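Numbering-wise, the numbering used here puts 281 at position 275 of the sequence shown, and it's gapless, one number per residue.
Here a beta-carbon is modelled for each residue, glycine too, at the ideal position from N, C-alpha and C.
A quick note: this is a predicted structure, and the numbers were derived from the prediction, not measured.
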Amino acid sequence: MNVLIQTLQGVVPVFLLIVIGTMLKHKKVIGPAFQKSSSIICFKLGLPALIFLKIAGLDFSGVFNFDEILIMLSITVVTMIVTLLVSLKLSDVSQRGPFSQGAFRGNIAIIGLALVLNLYGEDLAARGAMIVSVMLPVFNILSVIALTLPQHGMSVKGLVTSLKNIIKNPIILSVLAALGFSLLKIPVPVILGRLLAYLSDLALPLALINIGGSLSAKGFREKGKLALYSALIKTVILPVIAVIIFYNKGYNQEELGLVFLFMGAPTALSSHIMAESMDNDGDLAALIIMVTTSLAAVTTLIGISIINSL
Numbered sequence: 007m008n009v010l011i012q013t014l015q016g017v018v019p020v021f022l023l024i025v026i027g028t029m030l031k032h033k034k035v036i037g038p039a040f041q042k043s044s045s046i047i048c049f050k051l052g053l054p055a056l057i058f059l060k061i062a063g064l065d066f067s068g069v070f071n072f073d074e075i076l077i078m079l080s081i082t083v084v085t086m087i088v089t090l091l092v093s094l095k096l097s098d099v100s101q102r103g104p105f106s107q108g109a110f111r112g113n114i115a116i117i118g119l120a121l122v123l124n125l126y127g128e129d130l131a132a133r134g135a136m137i138v139s140v141m142l143p144v145f146n147i148l149s150v151i152a153l154t155l156p157q158h159g160m161s162v163k164g165l166v167t168s169l170k171n172i173i174k175n176p177i178i179l180s181v182l183a184a185l186g187f188s189l190l191k192i193p194v195p196v197i198l199g200r201l202l203a204y205l206s207d208l209a210l211p212l213a214l215i216n217i218g219g220s221l222s223a224k225g226f227r228e229k230g231k232l233a234l235y236s237a238l239i240k241t242v243i244l245p246v247i248a249v250i251i252f253y254n255k256g257y258n259q260e261e262l263g264l265v266f267l268f269m270g271a272p273t274a275l276s277s278h279i280m281a282e283s284m285d286n287d288g289d290l291a292a293l294i295i296m297v298t299t300s301l302a303a304v305t306t307l308i309g310i311s312i313i314n315s316l
């Protein structure tokens, strides 16, 4: 019951903000113009501020379990590569990146870490924070790559264009700046910190309302099956593979729980902002977030219950 309560506490607020967005669209309070402008605000201001504060505040000097992190990173990278290859079958190029991103990029910094803390306590949460400190920058870099490569192809010209877009991407710039502050232990100036905090607080609620405003019955009919495939990879296949690998390495129940919660976390909310702002299919990205969030409420309860019985 505790697992169910903690999971619902993590996903219900997300759902409610999406519902608010849908209601505002129905009441014609928001429309296409709002979606376009809010995506730009989130992508160029809110999300970079959020990412900067999360990474700049991480302590990379802690004791890492390199084997654990390496396996998680390997699973993530392989998933990105495989899903990008599978997505080549999609005729709509703008759907390839969101399909792949939705399958590998989890909401570990918000939902994943919160569940680990509430279910297993501060010691394991501290270990989880070390994993987040490595995975978060990698997630953002891989997402930019996944959303850029399908748009420009694998030719020399396409790769050069992709590389230029990746280097100029606000997410990449915020990751690099934050890593500099964190690794060099540079304190964020108070005024800058407060400004970034205001912008970061704006990012996720605005993004969720945007997601709600972008959902439609037509979108569910046309893209629901594709969103479900991506969601099943993220919330079922990925965590099951990870748990099997770590179980065979002798991990105990709590450690397996951490692995499951991190690898099976629903798709990160920021994936919609990035997809929308990088000329990918934002509607598909929004659907994947909604479906993974729905599935995670069920898969988390089942997965943790099975792990506790091992």
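Query: Nearest to S222 (by Cα), restricted to the options G186, V9, H32 and S45; Result: H32
Query: According to DSSP, residues forming a beta bridge with G112; Result: T273
Query: Three or more C-beta pairs below 8 angstroms linking the segment 277-295 and the segment 227-243; Result: yes
Query: Spatial distance of Y5 from V20 (CA atoms); Result: Examination of residue 5 is not possible in this model, given that the chain is present from 7 through 316 alone.
Query: Cβ pair K224, G108 closer than 9 angstroms; Result: no
Query: Proximity of I310 and L244 at Cβ, strictly below 9 angstroms; Result: no
Query: Contacts around G263, its chain only, beta-carbon distance under 7 angstroms, and the 5 residues preceding and following it disregarded; Result: L125, Y126, I310 and I313
Query: Pick from G112, P176, G159 and A203 that is closest to K60, judged by C-alpha positions; Result: A203
Query: Extent of the continuous alpha helix (DSSP H) to which Y257 belongs; Result: Unbroken run through Y257: none, as it is neither H nor E.
Query: R200 classed as buried or exposed, judged by whether at least 16 other C-beta atoms fall within 10 angstroms; Result: exposed
Query: Beta-carbon gap between I11 and L212 smaller than 9 angstroms; Result: no
Query: 4-residue-minimum alpha helix (DSSP H) runs that sit fully inside the segment 140-184, ordered along the chain; Result: 162-174
Query: Three-state secondary structure (DSSP) of P193; Result: coil
Query: Within 9 angstroms, strictly: CB atoms of N175 and E282; Result: no
Query: Local Cβ density within 10 Å of L232, reported as buried at 16 or more and exposed below that; Result: buried
Query: Extent of the continuous alpha helix (DSSP H) run through D73; Result: F72 to V92
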